[in-house]
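*Asks:*
Protein chains: 2
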Amino acid sequence: MSECFYCENGNKLHSLMIEICELPCGKVYLNRDQKHKGRCIVALKDHKTEYFQMDRKESEEYFWEVSKVAEAIANLYHPDKINYATYGDSVPHVHVHIVPKYRDGLNWGTPFDDSIPKQFLQDEEYNKMIEELRKEILKLMQG
Amino acid sequence: MSECFYCENGNKLHSLMIEICELPCGKVYLNRDQKHKGRCIVALKDHKTEYFQMDRKESEEYFWEVSKVAEAIANLYHPDKINYATYGDSVPHVHVHIVPKYRDGLNWGTPFDDSIPKQFLQDEEYNKMIEELRKEILKLMQG
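Chains as they are written, first to last, in the working numbering: chain A, 1 to 143; chain B, 144 to 286.
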């Protein structure tokens with residue numbers, strides 16, 4: 001699947017996101033563009049392109065992981081609402097964007113918008129977020 | 144929850160969508176605006192506002208239902224990709240927009256956009272879609 005940047009796991013992927021941790025069905029990434037503080041992506045480890053290509057067991061586990069990642073983001077950054085989106089017309093590999101929204105903040109009340117300027121962080125800021133998110137996600141996954 | 148139009152189940156809800164069927168955890172609606180042919184909504188029956196407020200059992204069932212509704216849309220209308228989104232900054236009740244996308248069609252390659260003109264159908268067209276979707280969803284739910 002060399003045309004799928006999730007499967008390829010190369011420069012294109014790494015220019016957009018940084019791996020936080022691997023879960024049973026999903027891989028969790030921190031979005032490099034942090035204009036919505038805490039924004040993450042959970043990509044399915046298998047290359048499937050629609051939710052209904054997952055069997056029931058994989059579907060159950062994958063969406064549970066999505067929920068736990070959202071909960072970790074909520075616990076750490078206290079958004080007022082979390083948005084979730086799977087688009088992928090051009091990158092159909094199943095992945096969910098988990099986008100924390102803040103009242104009176106960017107795109108509140110409208111879909112998050114990737115056409116507005118990105119906000120990148122310093123490496124030490126990414127590292128701090130990755131470390132605290134990994135810790136919180138793994139804690140929540142242990143139930 | 145009189146401020147939640149999903150819980151209220153009144154005129155506001157009915158102006159936007161038409162009920163197709165009720166599943167164990169979700170209620171399935173046909174979106175009145177059919178500029179993306181087959182667009183549906185699956186709302187959680189419980190009033191919860193984040194995925195992680197569902198316990199594991201409800202989460203497993205709800206997302207399975209979302210997948211089966213998407214599969215029914217795929218079987219009937221043959222979109223090239225399905226998009227899924229939960230926004231809800233102003234209507235936080237958990238619901239997923241299931242939006243079929245068609246190559247070279249509206250919003251292909253970009254998030255679906257509710258600010259562009261809506262496309263309403265005649266009642267008999269809605270009724271035909273509701274009937275075929277209900278039949279297909281219930282068939283898929285039976286496995």
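Virtual Cβ for every residue (Gly too), placed ideally from N, Cα, C.
It should be emphasised that the depicted structure is a prediction, and the values quoted were computed from it without experimental measurement.
(1) 8 Å is my cut-off, CB to CB: does residue 42/A come that close to chain B?
(2) Answer yes if the stretch 165 to 185 of chain B comes into contact with the stretch 265 to 282 of chain B, meaning at least three C-beta pairs across the two stretches below 8 Å, and no otherwise.
(3) Between the C-alpha atoms of residue 12/A and residue 47/A, what's the straight-line distance to the nearest angstrom?
(4) Terminal residues of the continuous beta strand (DSSP E) containing residue 161/B?
(5) What is the DSSP secondary structure of residue 1/A, counted as helix, strand or coil?
(6) Specify whether the stretch 84 to 101 of chain A and the stretch 204 to 222 of chain B touch according to this definition: at least 3 beta carbon pairs, one from each stretch, less than 8 Å apart.
(7) Closer than 8 Å, Cβ to any Cβ of chain A: which residues of the stretch 221 to 232 of chain B, in chain order?
(8) Got a sec, what are the start and stop residues for the beta strand (DSSP E) residue 241/B sits in?
(9) Closer than 7 Å by C-beta to residue 118/A: which residues in its own chain qualify, once you throw out the five before and the five after it? Chain order, please.
(10) Using a C-beta to C-beta distance shorter than 7 Å, which residues of chain A count as neighbours of residue 146/B?
(11) Assuming contact is defined by CB atoms lying nearer than 8 Å, are residue 232/B and residue 108/A in contact in what I supplied?
(12) Taking the beta strand (DSSP E) that residue 250/B falls in, what are its first and last residues?
(13) May I have a chain-ordered list of the beta strand (DSSP E) segments no shorter than 3 residues that lie completely inside the stretch 165 to 209 of chain B?
(14) At the 8 Å Cβ level, is residue 67/A part of the contact set with chain B, yes or no?
(15) Counting C-beta neighbours from all protein chains within 10 Å, is the total for residue 144/B 16 or more, i.e. buried, or is it exposed?
(16) What residue range is occupied by the uninterrupted alpha helix (DSSP H) comprising residue 135/A?
(17) Per DSSP, what kind of secondary structure is residue 87/A in: helix, strand or coil?
(18) Between the stretch 91 to 116 of chain A and chain B, which residues of the former have CB atoms less than 7 Å from a CB of the latter, in chain order?
(19) List, in order along the chain, the chain A residues whose C-beta lies closer than 9 Å to that of residue 193/B?
(20) Do you know offhand how far residue 22/A's Cα is from residue 166/B's?
(21) Can you tell me whether DSSP reads residue 7/A as helix, strand or coil?
*Replies:* Put simply:
(1) Taking the first sequence and counting its residues from 1, one reaches residue 42/A at position 42. No, residue 42/A lies away from the interface with chain B (no Cβ there is under 8 Å from its Cβ).
(2) Yes: the two stretches touch, three or more of their Cβ pairs being nearer than 8 Å.
(3) What you label residue 12/A is simply residue 12 of the first sequence in a count that begins at 1. What you label residue 47/A is simply residue 47 of the first sequence in a count that begins at 1. Residue 12/A and residue 47/A: Cα-Cα distance of roughly 17 Å.
(4) The residue given as residue 161/B occupies position 18 in the second sequence. Taken as a continuous stretch (DSSP letters only), the beta strand (DSSP E) holding residue 161/B covers 160 to 165.
(5) Numbered from its first residue, the first sequence carries residue 1/A at position 1. Because the pLDDT at residue 1/A is just 45, under 50, the model does not fix this residue reliably, and the value given afterwards should be weighed accordingly. Here residue 1/A sits in coil by DSSP.
(6) no
(7) 223, 224, 225, 226, 227, 228, 229, 230, 231 and 232
(8) Start at 1 with the first residue of the second sequence, and residue 241/B comes out as number 98. Where residue 241/B is concerned, the enclosing beta strand (DSSP E) stretches over 238 to 244.
(9) For the purposes of this step, residue 118/A is taken as the residue at position 118 of the first sequence. Result list for residue 118/A: 33 and 35, in chain order.
(10) For the purposes of this step, residue 146/B is taken as residue 3 along the second sequence, with counting starting at 1. Neighbourhood of residue 146/B in chain A, by CB distance below 7 Å: empty, with the nearest CB roughly 15 Å away.
(11) For the purposes of this step, residue 232/B is taken as residue 89 along the second sequence, with counting starting at 1. For the purposes of this step, residue 108/A is taken as residue 108 along the first sequence, with counting starting at 1. Yes, these two residues count as a Cβ contact at 8 Å.
(12) Residue mapping note: residue 250/B aligns to position 107 of the second sequence, counting from 1. Counted as a single uninterrupted DSSP element, the stretch harbouring residue 250/B is not any beta strand (DSSP E), since DSSP gives it neither H nor E.
(13) Taking only runs of at least 3 residues, the beta strand (DSSP E) segments lying wholly in the stretch 165 to 209 of chain B are 169 to 174 and 183 to 187.
(14) Sequence index remark: in the first sequence, residue 67/A carries index 67 (1-based). By this cut-off, residue 67/A is an interface position.
(15) In the second sequence, the residue the question calls residue 144/B occupies position 1. Annotation note: pLDDT 45 at residue 144/B (below 50); position unreliable, coordinate value reported separately. Exposed is the call here.
(16) Numbered from 1 along the first sequence, position 135 holds the residue referred to as residue 135/A. Counting along the chain, residue 135/A sits inside the alpha helix (DSSP H) bounded by residues 123 to 141.
(17) Within the first sequence, numbered from 1, the residue matching residue 87/A stands at position 87. It is coil, neither helix nor strand.
(18) 92, 101, 108, 109 and 111
(19) The residue labelled residue 193/B in the question sits at position 50 within the second sequence. In chain order, 67, 70, 71, 74, 81 and 82 make up the part of chain A whose C-beta sits under 9 Å from the C-beta of residue 193/B.
(20) In the first sequence, counting from the first residue as 1, residue 22/A sits at position 22. In the second sequence, counting from the first residue as 1, residue 166/B sits at position 23. Each residue's alpha carbon lies about 32 Å from the other.
(21) Against the first sequence, residue 7/A aligns to sequence position 7. Correct three-state label for residue 7/A: helix.
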